[in-house]
Structures are given as structure tokens and as C-alpha cells.
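A.B. asks: In mature numbering (1 follows the signal peptide of the UniProt record, and there is no 0), the protein residues as written are -26 to -1, 1 to 509.
C-beta atoms are modelled at their ideal positions from N, C-alpha and C, and glycine is treated no differently.
Here the structure is a predicted model, which means the values were calculated and not measured.
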């Protein structure tokens, strides 16, 4: 298939100093371009065609960067687009655990030109710079989320200048980007800025979400690494540090892992962007009621965590001791972890017919992370949306790339759907994400990518992935209702399913919280009795 010419434009949205100006709610309205004034492009690459080299593309795109403190977004549009075309606009929020990543990793030219949509990819502050919060101070975190809000305001004000329709804006993201989309669904600051949402392998009810405030131990560790005192002067001390020093200190406290042990690096309840825990907001019907939603997972999300082991340790499977050790370090922090929950989880994720089978144990470990971190949170939010009268569309991506660089046991790992969403099989540039995952794509996979792109963009255009005039389709994708809980399996041969992993979903969303709550209450009673005895 020949790709029509397209253009990409890079824009400075705003610039600010560390933890200042643009992060306040009042200035969200001040730091955007006027709707009546077309913004000035940093670079305009008109009529780019297929087969341009990666060096030509990337070096030109990033050649104009005034400051580390500037936030950029990129607009991808078919070159024939006119301001009055009113195409659906799709805003991509990249993943990376809120600690790393960039919009430039995801080239959106194929998605835009094959499907006649405008695609905007945005950047936001990450790690300490984006989410540092100190209880009792004016540093409440979520600066990266406010950056996203600012970008969405920019889109509302300016997308019509590029032929986009401000009344048909879809936000979509994967992993931390999916969590971000989920957070925007319940944030009062994001209301009215978008109309559809796609959450790929990310739900804010996930154990990755950091909770209400930073853990004191994390603040203490960060202060020590950055050479500041943990006290009233911490904020000013950090503000006085160079960006390079802050980044180095962030690396010193580790990546924000599954337990939230580095939770000063992730979104928090701040009373402004996020008034309460996302799970509570979803369950109490606080999600924006007029938003169409797609949410889904890959079938083996947890392989991402297995791949953290050295290849020689994981290739033949895992021992039970290794799994138990990994499990203890990976229990979700929002479950009030205790010995009973640990034992219950080990029992649930054991093949009791052959408990020492290393291959089975490896799969159980991957299933543990897939179920607790991705599937259960996604279904929880899907059920809440359905109960609120806005049933979403749910998918399970189940295809392992034929010419994958990864071992066969990895399967449809976390992020595997991304190349198919962005037209990876048709890309004309070399991308690290693609090079890491695949050597090449088959012709059948090109067809699958066309299918997935059409589902996503039809949804962006019409609010449904199967509009009446969309032509023949392998299956009709039904909405997820409380009763049927139907979903689509995205594979070379798409099919429908019902009640995905229902037993595991019930285990994580119903059984584990009850056990954790019960044991926590029991422990409090024991502590009270001990105190009485001592007195």
C-alpha cells in the first residue's frame, strides 16, 4: 500500500522552571494559545513521503530544542488536510512507568494518513520532575498530569487550525499512558477536554497507582541521595538542585516498581487534579458520564516482569523459591500486604498437580502480574463504566509477532499491540521499540495492523469500532455489559469471548481485598489488646 504524503509539526506548548508557573490550576488557562491565533511551528516538515531515512526524520524533528524545561507536542496530519476538514483528532500519551519515555518514540504518520485522522503525541514531565510530592508543603505532585491537561487545552484551542475537530478528540495511551487516560476519566480538571478514551494495558485502579501521599521512607531515601535534609527545608533544597542532580537522585532510589516503593515518582491524590483514589471514583460513579471508552490488555502482560531476570535464569523456567521471593517483592502496596494475603496468592498461583515444574512456575509468575496489575483493574473499571450507563468496548490482544526477537514463552507481552496500532508493519523509519520486538512483519500481520488501526480510528471518528458504513469485518465488537461481559480477542483471526479470566478477576477484585481488610482489622484489635495488657 502506498502512503499518501503527510506532515508533522512540532510545537512548544509552554516553558517553565522546576515545580513552578505552569503547574498551577489558574495558569492552565493562561499558558495556552488563543483559539483565534494559529501557533508558530518549531519545525514544519511538509509532504514527508515513505522511504525517507530515520536520520533525516529524527535529526530534523529534534533539531530545535530551546530548553529542557520546554514541553513539546507533535501534530501528524495528511498533507492534503485543510483547516475546515474537521477530522477526528487522537491524542497519544506515551507510557514508561511515569519515569521515562517520549512522544518521539511513536511515529504516527501511518496511523494518520491511512485512516484520515489527526494524531497529536504529547510529552509531559516524568519521575521526580513530574510527580514529586511532599506532604505538608505546596508540592502536591501530579505536575506531569497537569502538563497533560495543558496539552489537551492546547488541542482544544488549536486543532481546528490543522483540520481537526475539537469536538471529536480521543485520548489514548499504553501502560502509564493508559493509566493517564484512566485518570483523566475521573479528573475534574480534564472534563470537557476530550470525548473518547482508549486505555491500552493501563487502568488507574492498578497497584502501580501511588495512593494518597508519598511514603515517608521514600522521601527520606530521596533526601539522602540528593543530599538534602528531610524537614521543612527539603522543598527549597531540591528546588536549588540542578536537573542533572535530581535525575541522578531519582535513579538512586530505583524505578517505580510494582509495589509502589518508589511512589514519589507516580501520580497521587492531590485534591485538585485527583480528588480521591481512582478506584473509589470509578466505583462511586464519578467518571465523566459522556465519554466513549475502549479498554484492554495483552494476554501475557506479566512477561515484562519475567524478562527482568537474566536470560540464563529464566529460559528454562523458575524455581519455586525464586517465584516466592519475587512474589514477596511484588505484592501490590494498596492491598495492605500481609502474610495471609501472601499465602493465599501463592496457593492461587500454584499448579498443585506438579508444584515444582519450573516452566509452570514461570507462567504462574507471569499470570500473577498479568492478572493483578492489568486484567483485574481493567475489568473493575469496565464494570464500573457499564454500571454507570456507559458500557465500554473491551479487548484482549493475543497475537505474538511471527518473527519476534523474544522467546516463544513471552507470548503477547506488554506493549505488543503498539506496532499494530501505529502501523508498525508499514513503517519507513527504524524505531527502537520495533527493533527490540521484531525482525520483520509478515503480510498477514500487515493485514492485522490495518484492521486494528481501523478499529481504533473508527472509534475515534464515530464512538464505535463498528460503524454501519465501515464495510465487512471479521466480527462485530460488542459493548461490555455487566451481564454478558463480552470482549474481542485481537489475533490473526479475531473472535469474541465472555467473562475474561473471571475466576482471577474475582480473586483480585473481591477475595483479596476482603482478606486484607479482615486481617488488617484483626491486627489492630491485637495491637489494642497488647497495649491494654501492657498498661
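#1: Within 10 Å of its beta-carbon, does residue 409 have 16 or more other beta-carbons around it, so buried, or fewer, so exposed?
#2: Fully enclosed by the segment 85 to 168, which beta strand (DSSP E) runs are 3 residues long or longer?
#3: Just to confirm my understanding: we take residue 76, look at its own chain, exclude 5 residues before and 5 after, and list those with CB closer than 7 Å. What are they?
#4: Exposed or buried, residue 48, counting other C-beta atoms within 10 Å across all chains shown (16 or more means buried)?
#5: Taking the beta strand (DSSP E) that residue 200 belongs to, which residues open and close that run?
#6: Excluding the 5 residues flanking residue 361 on each side, which residues of the same chain have their C-beta closer than 8 Å to its C-beta?
#7: Grab the span of the alpha helix (DSSP H) containing residue 221 for me, first residue to last.
#8: Among all the DSSP beta bridges, which residues are the ones paired with residue 414?
#9: With respect to the alpha helix (DSSP H) encompassing residue 336, which residues constitute its N-terminal and C-terminal limits?
#10: Verify whether the separation of the beta carbon atoms of residue 100 and residue 106 is less than 7 Å.
#11: Just curious, the beta strand (DSSP E) that residue 371 is in, first and last residue?
#12: Applying the criterion that 16 or more other CB atoms from any shown protein chain within 10 Å of the CB defines a buried residue, is residue 74 buried or exposed?
#13: Just checking my contact of residue 348 with residue 239 at CB under 8 Å: how many whole Å lie between their CB atoms?
#14: Straight-line CA distance for residue 274 to residue 380?
#15: Around the Cβ of residue 340, are there at least 16 other Cβ atoms within 10 angstroms (buried) or fewer (exposed)?
#16: Report yes if the CB atom of residue 370 is closer than 7 Å to the CB atom of residue 463, and no otherwise.
#17: Assuming residue 65 and residue 144 are in contact, meaning their beta carbons sit under 8 Å apart, how far apart are those beta carbons, in whole angstroms?
#18: Taking 7 Å as the threshold (C-beta atoms), are residue 412 and residue 377 in contact?
#19: Taking the alpha helix (DSSP H) that residue 315 falls in, what are its first and last residues?
#20: Taking the alpha carbon of residue 281 as the reference point, which residue from 294, 365, 382 has its own alpha carbon closest?
#21: Checking the sheet assignment: what are the DSSP bridge partners for residue 451?
#22: Residue 384 to residue 277, Cα distance in whole Å?
#23: Contact check, residue 294 vs residue 328 under 8 Å by CB: the rounded distance?
#24: In whole angstroms, give me the CA-to-CA distance for residue 485 and residue 136.
#25: Using C-beta distances below 8 Å, list every residue in its chain close to residue 155, excluding the 5 sequence neighbours before and after it, in chain order.
#26: Taking 7 Å as the cut-off, decide whether the C-beta atoms of residue 332 and residue 292 are in contact.
#27: Within 10 Å of its beta-carbon, does residue 491 have 16 or more other beta-carbons around it, so buried, or fewer, so exposed?
#28: Using a 10 Å radius around the Cβ and a threshold of 16 neighbouring Cβ atoms, would you call residue 401 buried or exposed?
#29: Check for me: the alpha helix (DSSP H) holding residue 286 runs from which residue to which?
#30: Give me the Cβ distance between residue 138 and residue 118, rounded to the nearest whole Å; I'm assuming they're in contact under 8 Å.
#31: Using three-state DSSP, classify residue 258 as helix, strand or coil.
#32: So, under 8 Å CB-CB, residue 93 and residue 50 are touching, yes? Tell me the CB distance rounded to an integer number of Å.
#33: Taking only the alpha-carbon atoms, compute the straight-line gap between residue 489 and residue 251 and give it to the nearest angstrom.
#34: With H, G and I counted as helix, E and B as strand and the rest as coil, what does DSSP make of residue 425?
#35: To which residues of the same chain is residue 257 closer than 7 Å at the C-beta, ignoring the five residues directly before and after it?
#36: Exposed or buried, which one is residue 321 when buried takes at least 16 other CB atoms within 10 Å?
C.D. replies: So, from the listed chains and residues:
#1: It is exposed - the Cβ of residue 409 has fewer than 16 other Cβ atoms within 10 Å.
#2: Note on the segment 85 to 168: whole beta strand (DSSP E) runs with a minimum of 3 residues are 92 to 96, 138 to 148, in chain order.
#3: If we look at residue 76 and ignore the five residues flanking it on each side, its Cβ neighbours are 68, 97.
#4: Buried, by the Cβ-count rule.
#5: First-last for residue 200: 190 to 200, but that is the alpha helix (DSSP H), not the beta strand (DSSP E).
#6: Apart from sequence neighbours up to five positions away, the residues of its chain that approach residue 361 with a beta-carbon distance below 8 Å are 259, 456, ordered along the chain.
#7: Boundaries of the alpha helix (DSSP H) harbouring residue 221: 217 to 227, taken from the DSSP string.
#8: According to DSSP, residue 414 shares a beta bridge with 377.
#9: Here the alpha helix (DSSP H) through residue 336 covers 332 to 344.
#10: The answer is no: Cβ separation not under 7 Å.
#11: Counting along the chain, the beta strand (DSSP E) containing residue 371 begins and ends at 367 to 371.
#12: Around the CB of residue 74, fewer than 16 other CB atoms lie within 10 Å, so the residue is classed as exposed.
#13: Not really, about 20 Å apart at Cβ, beyond 8 Å.
#14: So the two alpha carbons sit approximately 13 Å from each other.
#15: Buried, since its Cβ has 16 or more Cβ neighbours within 10 Å.
#16: Their beta carbons are under 7 Å apart, which means residue 370 touches residue 463 by this criterion.
#17: About 7 Å; that satisfies the 8 Å criterion.
#18: Yes, these two residues count as a Cβ contact at 7 Å.
#19: Where residue 315 is concerned, the enclosing alpha helix (DSSP H) stretches over 313 to 322.
#20: Cα-wise, what sits closest to residue 281 is 382.
#21: Looking at the DSSP assignment, residue 451 forms no beta bridge with any residue, so it has no partner.
#22: Residue 277 has its alpha-carbon roughly 5 Å from the corresponding atom of residue 384.
#23: Approximately 11 Å separates the beta-carbon atoms of residue 294 and residue 328; this is outside 8 Å, ruling out the contact.
#24: Rounded to whole angstroms, residue 485 to residue 136 spans 50 Å at the Cα level.
#25: Excluding positions up to five away in sequence, the list reads 67, 145, 146, 147, 171, 172, 173, 176.
#26: With a cutoff of 7 Å on beta-carbon distance, residue 332 and residue 292 are scored as near each other.
#27: Residue 491 comes out exposed.
#28: It is buried - the Cβ of residue 401 has at least 16 other Cβ atoms within 10 Å.
#29: For residue 286, the enclosing alpha helix (DSSP H) has its first and last residue at 285 to 288.
#30: About 24 Å separates the two Cβ atoms, so there is no contact after all.
#31: Three-state DSSP puts residue 258 in coil, outside helix and strand.
#32: That belief holds up - the Cβ atoms of residue 93 and residue 50 are roughly 4 Å apart, short of 8 Å.
#33: It is roughly 20 Å from the alpha-carbon of residue 489 to the alpha-carbon of residue 251.
#34: Residue 425 sits in a helix when the DSSP states are folded into three classes.
#35: If we look at residue 257 and ignore the five residues flanking it on each side, its Cβ neighbours are 358.
#36: Exposed is the call here.
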